[in-house]
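First to last, the sequence lines map onto chains P, X and F. FYI, the numbering for the first sequence is 0 to 203, going by numbering that gives the first Met the number 0. FYI, the numbering for the second sequence is 0 to 379, going by numbering that gives the first Met the number 0. FYI, the numbering for the third sequence is 0 to 587, going by numbering that gives the first Met the number 0. Only one structure is covered here, and it is reproduced in the block below.
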Amino acid sequence: MTAAALGPRPWMGPRERAADTGLWCFMGVAGTLFSLFLVADVMRLASPDATAIGLPRQLWLSTAWLLCGSVLMGLAAGAARAGQGARSLRLMWASGATTLAFLATQGWAWQQLIEARVVLAGNPAASFFYVLTALHGLHVAGGLLAWAVALRALGRAVDHPRPTAWRLALCARYWHFLFVVWAALLASMTWLTPDIARAICGQR
Amino acid sequence: MVIAIALLVIVVGSVLFHLLTPWWSTPLASGWAEMDSTLHITLVVTGVFFVAINLFVVYTLWRFRHRKGSRAAYQPENRKLERGLIVLTTIGIVALLAPGLKVYARYVQPPEDAMLLEVLGLQWQWHYRFAGADGKLGATDTRFVSAQNPYGLDPADAGGRDDVLVLNSEVHLPMGKPIKVLLRSHDVLHDYFVPQFRARMNIVPGQVSWFWFTPTKAGRYEAMCAQLCGMGHANMRGFVVVEDEAAFKAWVARQATYATSMAAPTAAAAGPAAAGDALAQGRSLAQSKGCVACHTIDGSAGVGPTWKGLYGKLETMTDGSTAKVDDEYIRAFIRDPKARAVRGFAQVMPQIALNDGEIDALLAYIKSHGADPASAPVQR
Amino acid sequence: MTDSHGDVPHGPQSFITRYVWSQDHKVIAVQYAGTAILVGLVGLLLSNLMRLQIGFPGRFAFIDAEHYYQFVTMHGMIMVIYLLTALFLGGFGNYLIPLMIGARDMVFPYMNMLSFWVYLVSVLVLLASFFVPGGPTGAGWTLYPPQAIMAGTPGADWGIILMLVSLLIFIAATTMGGLNYVTTVLQARCEGMTLLRMPLSVWGIFVATILALLAFPALFVSGVMMLLDKTLGTSFFMPAVISMGQLSAHQGGSPLLFQHLFWFFGHPEVYIVALPAFGIVSDLISVHSRKAIFGYRMMVWAIVIIGALSFVVWAHHMFVSGMNPWFGFFFATSTLIIAVPTAIKVYNWVLTLWRGDIHLTVPMLFTLAFILTFLSGGLTGLFLGNVSVDIPLSGTYFVVAHFHMVMGVAPLLVVFGAITHWYPKITGRMLNEPISRLHFWVTFIGTYLIYFPMHYLGVLGMPRRYYNYDNYQFIPASAHQLNVFITVVALVVGVVQLLFVFNLVWSAFRGRRAEPNPWRAASLEWSTPQTPPAHGNWGAHLPVVHRWAYAYSVPGAAQDFIAQDAPARSGGVETSHDAEPPARGVAT
Numbered sequence: 000m001t002a003a004a005l006g007p008r009p010w011m012g013p014r015e016r017a018a019d020t021g022l023w024c025f026m027g028v029a030g031t032l033f034s035l036f037l038v039a040d041v042m043r044l045a046s047p048d049a050t051a052i053g054l055p056r057q058l059w060l061s062t063a064w065l066l067c068g069s070v071l072m073g074l075a076a077g078a079a080r081a082g083q084g085a086r087s088l089r090l091m092w093a094s095g096a097t098t099l100a101f102l103a104t105q106g107w108a109w110q111q112l113i114e115a116r117v118v119l120a121g122n123p124a125a126s127f128f129y130v131l132t133a134l135h136g137l138h139v140a141g142g143l144l145a146w147a148v149a150l151r152a153l154g155r156a157v158d159h160p161r162p163t164a165w166r167l168a169l170c171a172r173y174w175h176f177l178f179v180v181w182a183a184l185l186a187s188m189t190w191l192t193p194d195i196a197r198a199i200c201g202q203r
Numbered sequence: 000m001v002i003a004i005a006l007l008v009i010v011v012g013s014v015l016f017h018l019l020t021p022w023w024s025t026p027l028a029s030g031w032a033e034m035d036s037t038l039h040i041t042l043v044v045t046g047v048f049f050v051a052i053n054l055f056v057v058y059t060l061w062r063f064r065h066r067k068g069s070r071a072a073y074q075p076e077n078r079k080l081e082r083g084l085i086v087l088t089t090i091g092i093v094a095l096l097a098p099g100l101k102v103y104a105r106y107v108q109p110p111e112d113a114m115l116l117e118v119l120g121l122q123w124q125w126h127y128r129f130a131g132a133d134g135k136l137g138a139t140d141t142r143f144v145s146a147q148n149p150y151g152l153d154p155a156d157a158g159g160r161d162d163v164l165v166l167n168s169e170v171h172l173p174m175g176k177p178i179k180v181l182l183r184s185h186d187v188l189h190d191y192f193v194p195q196f197r198a199r200m201n202i203v204p205g206q207v208s209w210f211w212f213t214p215t216k217a218g219r220y221e222a223m224c225a226q227l228c229g230m231g232h233a234n235m236r237g238f239v240v241v242e243d244e245a246a247f248k249a250w251v252a253r254q255a256t257y258a259t260s261m262a263a264p265t266a267a268a269a270g271p272a273a274a275g276d277a278l279a280q281g282r283s284l285a286q287s288k289g290c291v292a293c294h295t296i297d298g299s300a301g302v303g304p305t306w307k308g309l310y311g312k313l314e315t316m317t318d319g320s321t322a323k324v325d326d327e328y329i330r331a332f333i334r335d336p337k338a339r340a341v342r343g344f345a346q347v348m349p350q351i352a353l354n355d356g357e358i359d360a361l362l363a364y365i366k367s368h369g370a371d372p373a374s375a376p377v378q379r
Numbered sequence: 000m001t002d003s004h005g006d007v008p009h010g011p012q013s014f015i016t017r018y019v020w021s022q023d024h025k026v027i028a029v030q031y032a033g034t035a036i037l038v039g040l041v042g043l044l045l046s047n048l049m050r051l052q053i054g055f056p057g058r059f060a061f062i063d064a065e066h067y068y069q070f071v072t073m074h075g076m077i078m079v080i081y082l083l084t085a086l087f088l089g090g091f092g093n094y095l096i097p098l099m100i101g102a103r104d105m106v107f108p109y110m111n112m113l114s115f116w117v118y119l120v121s122v123l124v125l126l127a128s129f130f131v132p133g134g135p136t137g138a139g140w141t142l143y144p145p146q147a148i149m150a151g152t153p154g155a156d157w158g159i160i161l162m163l164v165s166l167l168i169f170i171a172a173t174t175m176g177g178l179n180y181v182t183t184v185l186q187a188r189c190e191g192m193t194l195l196r197m198p199l200s201v202w203g204i205f206v207a208t209i210l211a212l213l214a215f216p217a218l219f220v221s222g223v224m225m226l227l228d229k230t231l232g233t234s235f236f237m238p239a240v241i242s243m244g245q246l247s248a249h250q251g252g253s254p255l256l257f258q259h260l261f262w263f264f265g266h267p268e269v270y271i272v273a274l275p276a277f278g279i280v281s282d283l284i285s286v287h288s289r290k291a292i293f294g295y296r297m298m299v300w301a302i303v304i305i306g307a308l309s310f311v312v313w314a315h316h317m318f319v320s321g322m323n324p325w326f327g328f329f330f331a332t333s334t335l336i337i338a339v340p341t342a343i344k345v346y347n348w349v350l351t352l353w354r355g356d357i358h359l360t361v362p363m364l365f366t367l368a369f370i371l372t373f374l375s376g377g378l379t380g381l382f383l384g385n386v387s388v389d390i391p392l393s394g395t396y397f398v399v400a401h402f403h404m405v406m407g408v409a410p411l412l413v414v415f416g417a418i419t420h421w422y423p424k425i426t427g428r429m430l431n432e433p434i435s436r437l438h439f440w441v442t443f444i445g446t447y448l449i450y451f452p453m454h455y456l457g458v459l460g461m462p463r464r465y466y467n468y469d470n471y472q473f474i475p476a477s478a479h480q481l482n483v484f485i486t487v488v489a490l491v492v493g494v495v496q497l498l499f500v501f502n503l504v505w506s507a508f509r510g511r512r513a514e515p516n517p518w519r520a521a522s523l524e525w526s527t528p529q530t531p532p533a534h535g536n537w538g539a540h541l542p543v544v545h546r547w548a549y550a551y552s553v554p555g556a557a558q559d560f561i562a563q564d565a566p567a568r569s570g571g572v573e574t575s576h577d578a579e580p581p582a583r584g585v586a587t
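Now the structure itself:
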C-alpha cells in the first residue's frame with residue numbers, strides 16, 4: 000500500500016500496481032458505458048418501429064478471432080512471466096494479428112449488412128448494431144495502441160522479459176474484458192429482440 | 000464580528016422579506032389546494048431549520064471568536080448527538096414527504112368522469128380539441144399533419160368527425176368539473192402551464208402526456224409554454240376562460256368541428272374580434288396564430304422582421320435580390336414561408352393554416368404599420 | 000493505459016517542459032485552473048448579457064431572441080462543465096491529492112498531462128461554436144431533443160454538433176484525469192496514510208471522481224446518439240416530427256430516453272461539483288477554527304452515501320417530463336432521503352465551529368458564507384424534490400434560484416476561499432487581504448441579493464428561459480422592477496470578480512511573502528521542504544504519517560495543532576472516534 004522506494008526511481012512507486020488499478024477503473028468506466036448503451040437499447044427497441052435484424056454470419060468468425068486474440072495474449076503474458084522472451088514475442092504478434100482480423104471481419108459484417116440494405120438510419124435495431132459494434136471496435140483499436148507499447152517494451156527486453164510481463168498481463172486482462180463485452184453485446188443483439196424489450200418495459 | 004452581524008441581518012431580512020413579499024403564488028383557481036398546503040408545510044419546516052441553524056452559527060461566531068489566549072475544545076465526535084440529529088432530520092423529511100406523496104397519489108389518478116381536453120402545442124402557438132358528441136377523440140398521426148390539418152387527424156377515422164377544433168389560442172372550460180388535459184405535439188417539447196391551476200405537464204412529441212385539474216374560479220387565465228421550444232418560446236401564449244356550464248356550451252357550439260372544417264376551407268373562429276373589422280381581426284389573428292412570437296410592431300428586433308415599416312419597403316434576400324413588400328409579397332410569404340430567405344433572418348417561419356379572409360385581415364393589419372403613408376393609422 | 004514516465008530524469012529542465020508540456024501535477028493543476036477561470040469569465044459575461052435582456056428587455060438590439068438563447072445555453076454548459084467540474088477535479092484534485100497524501104505526483108503523469116491538453120481542445124471546440132454559421136446552440140444547457148437539432152432553435156445546424164463533439168472530448172479528458180486521481184489515492188499514499196487519515200478534501204474529490212467515471216459515460220452515450228440523430232439520420236431520440244412544415248425523416252425515437260440518460264449523468268454531476276466543495280469546506284473550517292472537524296468518520300460516510308445515492312435520484316429533474324407518473328413516488332423518496340446525509344454534513348460543520356477558536360480570516364469568511372448559501376440552496380431542493388410541490392415550481396425561476404444558490408454561489412464561495420487558503424502554498428505569497436475582503440463582501444451579499452428574491456418570482460409562476468415577459472397580466476410591475484434590481488446587482492458582482500482575478504495575478508508577483516505554513520494547518524501539504532513545492536514534492540524522503548489530519552487544539556500539546564507527519568511522540572495519535580484523547584502511542 001505504500002510508495003516505498005523501488006530501485007533507481009524512488010518517486011515513482013510500484014507502477015505495476017498503479018497500472019493494475021488504473022486498468023480495473025477503466026474497465027469499470029467502459030463497462031458502464033456499454034451497459035448504458037444496452038439499457039438505452041432496451042428502452043428504444045420497445046417502440047413499435049423496431050424489428051429484429053438478422054445478424055450476419057461473419058459475427059461468428061469475428062468472435063472466434065477475438066477469442067483467439069484474447070487467449071494468445073494470455074499465453075504471451077504467461078510466456079513472458081516464465082522468461083520465454085522469444086515465444087512471448089511470437090504470441091504477441093499472433094495476438095495482434097488475430098485482433099486485426101477481428102476488426103477486419105467486423106468490417107466485412109458491416110459490408111454484408113449494408114448490401115442487405117440494413118443501414119444505420121431507420122430500424123433502431125440496426126442503428127444500435129452499428130453503434131455498438133463501432134464503439135466496441137474503437138475500444139479494441141485503443142487496446143491495440145497499448146499492445147504496441149507493450150510489444151515495443153518486450154522487443155527491447157526479449158532476453159529478460161520478466162520485468163515487462165506485467166504490461167502483457169494487463170493487455171491480456173483488457174483483451175479478456177473486450178471479449179466479455181463483445182459476448183454480452185452479441186448475446187443482446189441475438190436475444191434482446193424488440194419483443195423481449197417490450198416485455199421488459201411492460202408493454203402489451 | 001461583521002460577519003456575525005451580516006448573517007443575522009440576512010436571516011432576519013430573509014424572514015421579513017418572506018412576510019412582506021408581494022410575490023407569491025397566484026390566487027388558486029383549481030382544486031389543487033393541497034399542493035399549496037404542502038408548499039406551506041415545506042416552507043415552515045425548511046424555514047425552521049434555516050433560521051435555527053443560522054442563528055446558532057451567529058451565536059457560535061460571537062461566543063467562540065478568537066481572542067487572545069483562547070483555545071478550542073477538543074471534541075472530535077459525539078455519537079449520541081449525531082444519532083439524535085439524524086433522527087430529528089429524518090422526522091423532518093418524513094413530515095415533508097408524507098403529505099407530498101399523498102397529494103401526488105391524487106395527481107396521478109384522474110377521476111373517471113373527467114372531461115377530455117386536448118391541447119396541441121406547436122411552434123409557437125396552441126390549438127385545442129374536444130371530443131364532440133361521441134365522447135372520443137379521433138385518431139391522429141404526424142404524417143397527416145398539413146397546413147389544412149394541423150392536428151394530424153386521420154381522415155379515415157369516423158370518430159374524429161365530430162371533434163371540436165379550436166384553432167386559436169383561447170380555450171373555454173366549464174367551472175367545477177374535473178378536466179383531464181391530454182397533451183400532444185408534432186414538433187418539439189412544450190409544456191402547458193397556467194400558474195393559477197398549479198397542475199401542468201410537459202408535452203412530448205411521439206406520445207400523449209396528461210394532467211388533470213378542476214377549475215374552481217371563473218376568469219380568463221394566461222397559459223404559458225414552460226419548456227424551451229425554440230426562439231418563439233416566450234411568446235407562445237394561450238388563454239383559458241373558465242365560465243359556467245351554459246356559457247361554455249354556447250361557446251363550444253360556435254366552434255368548428257373536424258367535419259365542418261373539412262367541408263369548407265374556413266377555419267375556426269379567429270377569436271373575439273368582430274367579423275367586419277378587418278384590422279381588429281388581423282390584430283387578433285396575429286396574436287392567436289402566434290405571429291407576434293417573432294414579429295414585433297414597434298420596430299424592435301425579433302426572430303422575424305418587424306412589421307413596423309415593413310409594408311412598402313424594399314426587402315433584400317440572402318442571394319442579394321430585392322423585392323417590394325406589397326400585397327402579393329405578403330400573401331405569398333404567408334402561404335409558403337420557405338420560398339424566400341430574407342437576409343438577416345433565420346428561415347424558421349412555420350406554415351400556418353389561414354383562409355383567404357384571414358390572410359386579408361392580417362394583410363390589413365400589417366399594412367397599418369407600414370411605411371406607406373396611404374395605409375391606416377397604427378393601432379396598438 | 001500504461002505510462003512512459005520512466006524515461007524522465009530528475010525533473011523537467013526547459014521552460015517548455017516545466018511550464019507547458021509539464022507532467023508535474025502542480026503545473027497541470029494551475030493550467031486547468033487558469034483555463035477554467037478564463038472560460039468561466041466568458042460564462043460570467045454571458046450571464047451579464049442575459050441579465051441585461053431580462054432587466055431591460057429590448058433595450059439592446061444585439062440581444063435578440065436567438066442570441067439570448069445561445070447565451071443561456073453556453074453560460075450554463077460553460078459554468079457547470081468547463082468551469083466547475085474542471086476546476087474542482089482538474090484544478091483542486093490535481094494540486095491537492097498528491098500533496099495531501101504524501102505522493103510525489105500522480106501515478107500516470109503523462110496521461111495527466113494529456114488530460115489537460117485534451118480539456119483545452121474541448122474548450123476551444125466549444126468556443127469555436129461562436130464562429131460557425133448559425134452560431135452556438137441555443138437549446139438550453141440540457142440540450143433536449145427534438146428541438147436541439149431542429150430548425151427554430153439557434154445553432155441547430157452546426158452549433159449543436161460542436162457542442163456535442165466538445166462534450167465527448169471533455170469526457171475523454173475527464174476520464175484520463177479521473178483514472179489518475181482514483182488510482183493515486185488508492186495506490187500512492189505514503190506510509191501511515193490510511194484512507195481514514197486522509198483529509199476530507201481528498202475524500203470529497205476522490206468520491207466525486209468515482210462519480211465522474213461512472214456518470215460521464217451516460218452523457219457520452221446520449222451525446223453520441225444525438226450526434227448520430229443529427230448527422231446520420233438515426234432516430235434514437237427523434238420521433239416523427241414536423242419541422243417548419245416538413246415531415247422529418249425520423250420516426251419512433253424517444254425524447255424521454257435522452258432525458259433519462261442526460262439526468263442519469265446530470266444528477267451525479269451536481270455532486271461531482273458539490274462533494275469536493277464539501278470536503279474542502281471541512282478542511283477550511285478545521286484550520287481556521289483550530290478544531291478537529293466534528294464527526295470525521297460520519298463525514299466520510301456521508302460523502303460516500305451521498306455519492307452512491309446520487310445515482311438513484313435523477314428523475315427528480317423529470318417529474319413533469321411526461322414520463323411514467325408512477326416513477327415520481329420512487330424518485331421523490333430517494334431524493335428526500337439523500338437530504339439526510341447532507342444535513343449531517345451541515346450539522347457537523349456548524350458543530351465544528353462550536354467551542355472552536357474561530358479566526359475570521361478570508362477563507363473562514365467564505366466558508367461561513369458557504370454554509371448559509373448551501374443551507375438555503377439545499378433547503379429549496381426539498382421543495383423541488385417533493386414531487387407534488389415541484390409540479391407548479393418546475394420550469395420556473397424557483398428552479399433557477401435553487402440551482403444557482405446551491406451549485407453556483409455555494410461552490411464558488413468555496414473556490415474563492417480555497418484558493419485564498421492554498422495560495423501561499425502554490426505561490427509562496429499571500430493574496431492581497433483588503434482586495435480579498437472587498438471581493439468577499441460584494442460577492443457574498445450580492446449573490447444572496449440576486450438569488451434569494453428570485454425564488455419568489457418562481458413561486459409566482461414566472462417561467463425560466465424566457466426572452467421577455469411582455470404583457471403578462473399575472474406578473475405585477477413590481478416583478479419587473481425586481482428584475483431590474485437583480486440585473487444591476489449581477490452586473491456589480493460580475494465586475495467585482497475581475498478584482499479577484501487581478502488579485503490572483505498581481506499577488507503572484509507582488510504579494511506579501513508567506514511563511515511555509517501561514518495558517519498553521521496540520522495536513523500534510525504544508526510540510527513540503529520547499530514552498531512552493533519542488534518537482535517531486537518531498538525531497539529525498541517521503542513523509543511518514545502518524546495521525547489524522549485534524550489534530551487541532553489537542554489537550555496537552557504545546558501548539559494548537561500537530562502536523563500529520565510530526566513524530567508519533569508529539570501526541571494526537573489516536574483514532575478519530577474517541578471522544579477523549581486515549582493513551583499515548585496508540586497508532587492506528
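Where a beta carbon is used, it is the ideal one built from N, C-alpha and C, also for glycine.
CA nearest to the CA of residue i, picked from the options
i                     : options                    : result
residue 347 (chain X) : X:337, X:353, X:355, X:325 : X:337
residue 554 (chain F) : F:291, F:103, F:61         : F:291
residue 82 (chain F)  : F:68, F:42, F:61           : F:42
residue 295 (chain X) : X:305, X:286, X:288        : X:305
residue 120 (chain X) : X:16, X:342, X:165         : X:165
residue 295 (chain F) : F:281, F:539, F:404        : F:281
Which residues DSSP lists as bridging residue i, in chain order
i                     : result
residue 39 (chain X)  : Per DSSP, none; premise fails for residue 39 (chain X).
residue 15 (chain F)  : Residue 15 (chain F) pairs with nothing; no bridge assigned.
residue 211 (chain X) : X:179
residue 65 (chain X)  : DSSP, once it has assigned bridges, lists no residue as partnering residue 65 (chain X).
Supposed close pair residue i, residue j - CB separation, criterion 8 angstroms
i                     : j                     : result
residue 212 (chain F) : residue 174 (chain F) : 7 angstroms
residue 432 (chain F) : residue 302 (chain X) : Going by Cβ atoms, the distance from residue 432 (chain F) to residue 302 (chain X) rounds to 50 angstroms, so no, they are not a contact pair.
residue 277 (chain F) : residue 256 (chain F) : Incorrect: roughly 32 angstroms between the Cβ atoms, too far for contact.
residue 69 (chain X)  : residue 389 (chain F) : Not a contact, Cβ separation roughly 46 angstroms.
Buried or exposed by the 16-neighbour rule on C-beta atoms within 10 Å, applied to residue i
i                     : result
residue 319 (chain F) : buried
residue 200 (chain P) : exposed
residue 187 (chain X) : buried
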